[in-house]
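In the numbering used here, the protein residues as written are 12 to 319. For reference, the structure is listed below as structure tokens.
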Amino acid sequence: MTPSRRTALKVLAGGGVAAAAAAAPVALAREPKVAPPGAMGMLYDTTRCIGCKACVFACQQANDLEPERDAEGLHLAPVDLGARTKNVIKLYKDGARMSYMKAQCLHCVDPACASACMLHSLQKDPKTGVVGYDPSYCVGCRYCQMACPFGVPKFEFAKAVPKIVKCELCRHRVKAEAKQDAAGFTRYASGEGPACCEVCPREAVVYGTRDELIAEAARRIKENPGRYFEDRAYGVKEAGGTQVLYLSHLPFDKLGLPSLPDRGVPHVAYTIQEGLYKGFVAPVVLYGALAAAMWRNRRGSAPPEVQG
């Protein structure tokens, strides 16, 4: 490339970015989304988890997934989320420090996967907030995989008619109205809620409304000073908020939870897009900005310290 062309491109790119920066603050193309009043979710507490993987087996049974086992076929051995694993227990270990980590879909308040899905195979339930998947509309583009800042959706590469696989909070099992127990938690009868929560022997993962879970996290922090690395739950604000929350005795990033802004990925993308198009800036600048954001998400979503 000649110096004159290189200079021209730099000027064009610089002008586009400057225009985008000038336009973005005034472009309110999309208000930040909030969780529906009945948003359901889970709270996972690393200090209670014993790594038994009962939740992994229950999830596979409840969702008709063929278990992933070791070479001898004796033990459950999924090391990450995959085409046959919607929920997995990982192990972080660094010298004397260790922690189990439950990985599954976080059911974002403003889900990037649903926003990226061109035919709306992934949609957020307006009542429960669960991000569900309808394979009848899926074309296998896998944009949801690229958009998710947590690296959750997986593709069935080994099947002739592949689908996207992700946790859907066992929405197919919820058939009755929820009731509140003595502690004030929303509960379903056995077989009518997420299988992983039903079988956990230590209540390391509990199911309820998002508001209940936020309150429960605050209660545990208050009643156990010094137990948690941070006096807050991950997911209350990250990426615009999630319906699966975490409490941890180690830094969240060590468990594979990326550091994210308080605004959801779709909110940021639409706001930038509106600013760019109102300023008549070339779409290539938008694509560059979104590609950079997705690259950063992928870099921070799965640190090498997390082991199976």
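For glycine and all other residues, C-beta sits at the position ideal for the given N, C-alpha and C.
Can you tell me whether residue i is buried or exposed? The criterion is at least 16 other CB atoms within 10 Å of its CB, across all chains shown.
i      : result
Arg108 : exposed
Asp105 : exposed
Ser126 : buried
Gly219 : buried
Ile175 : buried
If you reduce the DSSP assignment to three classes, tell me which class residue i lands in.
i      : result
Ile61  : coil
Gln254 : coil
Tyr148 : helix
Lys135 : strand
Leu87  : strand
Phe161 : coil
Phe166 : strand
Arg243 : coil
Taking the C-alpha atoms as reference points, what is the distance between residue i and residue j?
i      : j      : result
Glu79  : Pro89  : 6 angstroms
Val210 : Ser270 : 30 angstroms
Asp192 : Tyr55  : 19 angstroms
Met53  : Ser259 : 14 angstroms
Phe161 : Val142 : 14 angstroms
Met113 : Cys207 : Checking the displayed sequence, the identity of residue 113 turns out to be Lys instead of Met. Roughly 10 angstroms between the two C-alpha positions.
Leu261 : Gly252 : 20 angstroms
Ser110 : Gln156 : 26 angstroms
Ala34  : Leu130 : Only weak support exists for where Ala34 lies, its pLDDT of 46 falling under 50; the value from the coordinates is given anyway. In a straight line, the C-alpha of Ala34 is about 29 angstroms away from that of Leu130.
Ala65  : Ala244 : 24 angstroms
Ser201 : Ala194 : 17 angstroms
Let's see if you can read the secondary structure: which residues bound the beta strand (DSSP E) around residue i?
i      : result
Tyr111 : 108-114
Met53  : 51-56
Leu102 : 99-105
In terms of residue numbering, what span does the alpha helix (DSSP H) encompassing residue i cover?
i      : result
Met157 : 154-158
Cys124 : 123-127
Would you say the beta carbon of residue i is closer than 7 angstroms to some non-hydrogen atom of the ligand FMN?
i      : result
Gly202 : Because no ligand of any kind appears in the structure shown, any question about the ligand FMN cannot be addressed here.
Task: Contained alpha helix (DSSP H) runs [length at least 4] in the region 177-220, N- to C-terminal order - done: Runs of the alpha helix (DSSP H) lying entirely within the region 177-220, each at least 4 residues long, are 206-210 in chain order.
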